[in-house]
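Just below is one structure, and these are the notes that go with it.
Numbering (this note's numbering), first residue to last: 4 to 806.
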């Protein structure tokens with residue numbers, strides 16, 4: 004279905020147009036021109052909802068590099084549909100919100116280019132069926148998120164947060180790439196669909212691939228201990244936080260785990276790693292959120308906690324691939340169903356909360372909880388939305404978070420009933436941790452509502468006049484708040500059209516033999532899950548009211564023991580160590596740099612010849628040297644020696660040209676006219692460039708350049724050694740041929756490529772990919788030079804904010 008490729012590429016095409024629209028200087032906010040992009044994409048995807056709900060799936064392949072199995076293959080099923088609708092739906096609301104949040108004085112064209120690039124990258128991740136294509140889009144999400152987090156680059160904390168997110172997520176992406184390569188080696192295919200059918204759990208690469216894949220997923224979805232990048236990423240503008248860090252980017256790791264569950268889920272290691280990591284993340288995120296005094300930091304750690312909850316549900320759901328009975332298999336798919344349900348719910352209530360916090364910061368001028376209070380009467384609409392979002396996050400009725408939280412309790416209670424992997428004993432820890440984390444979630448949810456909007460105002464006299472946000476800024480979080488209530492009232496609409504098809508997409512083989520459809524009920528009677536919820540409310544309320552008594556427990560965890568401190572310390576040590584090493588060899592002297600290069604060459608190549616026994620001098624098959632060839636070689640040697648004694652730059656350049664043209668003459672003698680022509684062109688151009696550059700240099704006086712005798716001797720030894728190594732290498736290669744010469748293949752250049760010039764055929768056809776990358780490198784370097792030339796230096800007295 005080519006429509007999916009168009010869906011992925013449309014944001015990128017729109018991003019290309021934004022700079023041109025900016026040049027036109029339109030009389031209104033440029034966001035209005037960006038808003039139709041996600042709206043159109045959402046409408047396109049929504050058209051397929053009934054078909055996906057009926058069990059249909061769509062795949063389309065556009066060939067890219069078929070020789071290596073790398074094709075632009077898109078796949079639409081229930082799982083990718085959920086994420087596609089979240090990316091485009093929440094994206095539409097975020098862009099509408101940003102129109103009122105960001106002023107025209109901001110660099111809006113940059114902001115929307117980055118945002119559209121991120122949107123397209125996320126769509127590429129969730130719709131890709133090819134491993135390499137998925138990886139390309141995966142890293143594009145890291146790059147675009149880096150640009151979005153650092154949007155306010157004049158702030159030191161923004162730059163630090165962007166760097167931190169980039170380092171952690173890209174490192175995880177490299178681990179994921181290694182896992183993808185291992186999967187290809189195991190199955191011989193890059194297609195995820197084909198890998199699911201062909202994977203062998205007994206393969207020696209199975210466990211390493213599993214672990215590396217989870218590292219990639221955990222870093223992107225901010226799982227413990229990789230969660231430390233997410234709080235610092237809150238330095239981004241609020242629209243970015245509402246989009247990336249509640250609904251999309253942090254959910255990419257969730258998607259990866261869900262998509263590869265049928266590949267790795269049959270092993271118990273998959274269950275243990277995902278479930279335990281999710282539980283630890285759930286607890287630690289909620290525990291840390293309670294101590295925060297910044298509203299966005301609190302939401303950041305609450306996001307970490309909620310992501311841990313979703314991750315643990317996916318881990319529990321993987322037990323359906325290791326069932327004792329078919330009934331147990333269906334039961335544990337309910338955990339996956341609950342995880343996807345909470346993923347949707349979290350996107351609604353957390354997106355609304357981020358936007359409300361942005362409104363508070365925008366209108367009040369602070370996010371510090373210690374300075375807030377009494378905003379309910381001044382900002383009643385914002386208060387209402389915050390109340391709905393916070394109570395949903397706390398798992399209270401009548402909000403959608405209550406339903407998915409109850410299903411979460413059901414899933415963790417089911418774990419304790421299994422005599423599987425010793426879960427009948429150790430599995431009891433899982434519901435206990437889940438319940439404690441839920442109590443802490445209730446506490447920080449109450450902090451958002453009561454500390455911000457209730458009680459007396461703590462704002463200092465003279466602060467700005469506070470008022471409710473504009474209608475345009477309230478509409479996006481208001482829509483999300485309505486969805487929070489609507490999903491609670493009509494949960495099975497989401498279940499039938501989104502969640503059940505997604506569960507079938509995660510377990511395709513199981514869906515063929517069993518009915519995996521689940522329904523959502525508003526009332527389950529007086530069961531253990533309800534009693535656990537009542538306990539959360541009662542204990543959570545008591546602990547919230549007595550926070551002043553027990554909050555001192557956080558003093559037992561000093562900052563110097565935190566993972567953030569460890570990361571900063573390691574980074575600082577790496578920077579200082581690298582600076583010392585760089586200072587040692589970066590002397591600013593060209594001779595030193597050439598010295599390092601040649602010494603390394605001598606050690607690497609000479610050592611290889613010596614220790615591997617590759618040095619072989621056999622001249623039996625060598626052709627005889629003709630007299631004119633000897634004359635050419637002697638002339639070139641004479642020119643090379645004469646360069647050392649040249650008294651002017653022009654003479655040195657001309658003598659160097661003699662060497663180049665001498666090589667061209669040898670090519671003619673060896674009946675290689677194509678090489679000779681290429682050599683003549685290159686030598687003529689470089690000689691002309693040398694002469695043009697040297698014309699502008701000051702006069703060269705050899706007598707003013709004094710070189711120590713020791714340096715001259717060292718230079719001579721290295722020069723002779725390098726020459727000897729080259730000669731020995733060439734003779735050894737000639738003497739010890741293990742394979743037929745590759746020149747035989749290139750002799751058919753005309754038949755293979757239609758090119759009569761063999762050199763051009765090699766560069767333009769046989770080495771086309773390499774040549775293209777070289778051109779790209781030169782193009783990037785050219786852009787850098789042009790930018791440096793055109794860059795205007797800051798005027799005297801101007802300072803960059805560093806706060």
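All C-beta atoms in this analysis are idealised placements derived from N, C-alpha and C, irrespective of residue type, glycine included.
(message) Taking its Cβ as the centre, do 16 or more other Cβ atoms sit within 10 Å of residue 631, making it buried, or is it exposed?
(response) Residue 631 comes out exposed.
(request) Taking all protein chains shown into account, decide if residue 160 is buried (16 or more other Cβ within 10 angstroms of its Cβ) or exposed. (result) By the neighbour-count criterion, in which a residue is buried when 16 or more other Cβ atoms sit within 10 angstroms of its Cβ, residue 160 is exposed.
(request) Could you please give the first and the last residue of the uninterrupted beta strand (DSSP E) stretch that includes residue 74? (result) Note, residue 74: beta strand (DSSP E), 73-79.
(message) Distance check for residue 231 and residue 567, CA to CA, integer angstroms please.
(response) So the alpha carbons of these two residues sit roughly 6 Å apart.
(request) Check residue 802 in the structure and name its three-state DSSP category. (result) Low local confidence applies: a pLDDT of 47 at residue 802 is under 50, so the model's placement there is unreliable, with the coordinate-based value given in what follows. Three-state result, residue 802: coil.
(request) Look at the alpha carbon of residue 7 and the alpha carbon of residue 446, and state the distance between them as a whole number of angstroms. (result) Looking at the two C-alpha atoms, the distance is approximately 43 Å.
(request) Find the nearest neighbour of residue 77 within the set 132, 116, 32, 560, judged by alpha-carbon distance. (result) 132 is the residue among 132, 116, 32, 560 whose C-alpha sits nearest the C-alpha of residue 77.
(request) Could you please give the first and the last residue of the uninterrupted alpha helix (DSSP H) stretch that includes residue 440? (result) Start and end: 432-449.
(message) Going by DSSP, what residue range makes up the alpha helix (DSSP H) through residue 645?
(response) Residue 645 -> alpha helix (DSSP H) spans 630-646.
(message) Quick check: residue 469 and residue 367, are their CB atoms within less than 8 Å of each other?
(response) It is a contact, given that the beta carbons lie within the stated cut-off.
(message) On the criterion of 16 or more Cβ atoms from any shown chain inside 10 Å, does residue 480 qualify as buried, or is it exposed?
(response) Classification for residue 480: buried.
(request) Starting from residue 239, follow its DSSP beta bridges and name the residues at the other end. (result) Under DSSP, no beta-bridge partner is assigned to residue 239.
(message) Quick check on residue 515: buried or exposed, where buried means 16 or more other Cβ atoms within 10 Å of its Cβ?
(response) Around the Cβ of residue 515, a 10 Å sphere holds fewer than 16 other Cβ atoms; the residue is exposed.
(message) Here's the rule: buried if 16 or more other CB atoms are within 10 angstroms of the residue's CB, otherwise exposed. What is residue 13?
(response) A buried status is given to residue 13, since no fewer than 16 other beta-carbon atoms sit within 10 Å of its beta-carbon.
(request) Starting from residue 62, follow its DSSP beta bridges and name the residues at the other end. (result) Beta-bridge partners assigned by DSSP to residue 62: 78.
(request) Name the residue from 371, 252, 268, 87 whose alpha carbon lies nearest to the alpha carbon of residue 296. (result) Distances from the alpha-carbon of residue 296 to those of 371, 252, 268, 87 put 371 closest.
(message) Tell me which residues share the same chain as residue 641 and place their Cβ nearer than 6 Å to its Cβ, disregarding the 5 neighbours each side in the sequence.
(response) Nothing meets the Cβ criterion.
(message) Extract the residue ranges of the beta strand (DSSP E) inside the region 70-156, only unbroken runs of 3 or more that lie entirely within it.
(response) Complete beta strand (DSSP E) runs here, min 3: 73-79.
(message) Going by DSSP, what residue range makes up the alpha helix (DSSP H) through residue 682?
(response) Element bounds for residue 682: 676-697.
(message) Less than 7 Å between C-beta atoms, sequence neighbours within five positions excluded: which residues of the same chain meet that for residue 350?
(response) Hits under 7 Å: 89, 93, 249, 250.
(message) Do residue 299 and residue 385 count as a contact pair if the criterion is CB distance below 8 Å?
(response) No, the pair does not count as a contact, with Cβ atoms beyond the cut-off.
(request) Locate the alpha helix (DSSP H) running through residue 205, then write down its first and last residues. (result) No alpha helix (DSSP H) holds residue 205; DSSP gives it neither H nor E.
(message) Please classify residue 336 as buried or exposed, where buried requires at least 16 neighbouring CB atoms within 10 angstroms.
(response) By the neighbour-count rule (16 or more Cβ atoms within 10 Å), residue 336 is buried.
(request) Closer than 6 Å by C-beta to residue 612: which residues in its own chain qualify, once you throw out the five before and the five after it? Chain order, please. (result) Excluding five sequence positions before and after residue 612, the CB atoms of its chain that fall closer than 6 Å to its own CB belong to 618, given in chain order.
(message) Using 8 Å as the threshold, is the C-beta distance between residue 506 and residue 347 below it?
(response) No.
(request) Run the CB neighbour count on residue 287, radius 10 Å, all protein chains shown included, and call it buried at 16 or more, exposed below. (result) Residue 287 should be labelled buried.
(request) Go to residue 613, then tell me how far its alpha helix (DSSP H) extends in each direction, as first and last residue. (result) Residues 610-614.
(message) What residue range does the alpha helix (DSSP H) around residue 773 cover?
(response) Annotation for residue 773: the continuous alpha helix (DSSP H) segment containing it runs 771-793.
(request) Would you kindly work out how many angstroms separate the C-alpha atoms of residue 644 and residue 722, rounded to a whole number? (result) CA-CA distance, residue 644 to residue 722, rounds to 12 Å.
(request) Determine the DSSP secondary structure at residue 464, reduced to helix, strand or coil. (result) Only weak support is given to the placement of residue 464: the predicted model assigns it a pLDDT of 47, under 50, and the value that follows is read from those uncertain coordinates. Three-state DSSP puts residue 464 in coil, outside helix and strand.
(request) Pick out whichever of 413, 680, 697, 735 has its Cα sitting closest to the Cα of residue 762. (result) Per the Cα distances, 680.
(message) Taking only three categories from DSSP, how would you classify residue 809?
(response) The shown model of the chain, from 4 to 806, leaves out residue 809, and the question about it has no answer.
(message) Just list the residues that DSSP pairs residue 297 with in beta bridges.
(response) Per DSSP, 371.
(request) Could you round the C-beta distance between residue 405 and residue 487 to whole angstroms and report it? I think they count as a contact, below 8 Å. (result) The Cβ separation is near 10 Å, so there is no contact.
(request) On a CA-only basis, which of 229, 508, 87, 493 is nearest residue 263? Give me that one, please. (result) 508 is the residue among 229, 508, 87, 493 whose C-alpha sits nearest the C-alpha of residue 263.
(request) Starting from the C-beta of residue 475, find all residues in its chain whose C-beta is less than 6 Å away, skip the five residues before and the five after it, and write them out in chain order. (result) Excluding residues within five positions, the ones whose Cβ falls inside 6 Å are 103.
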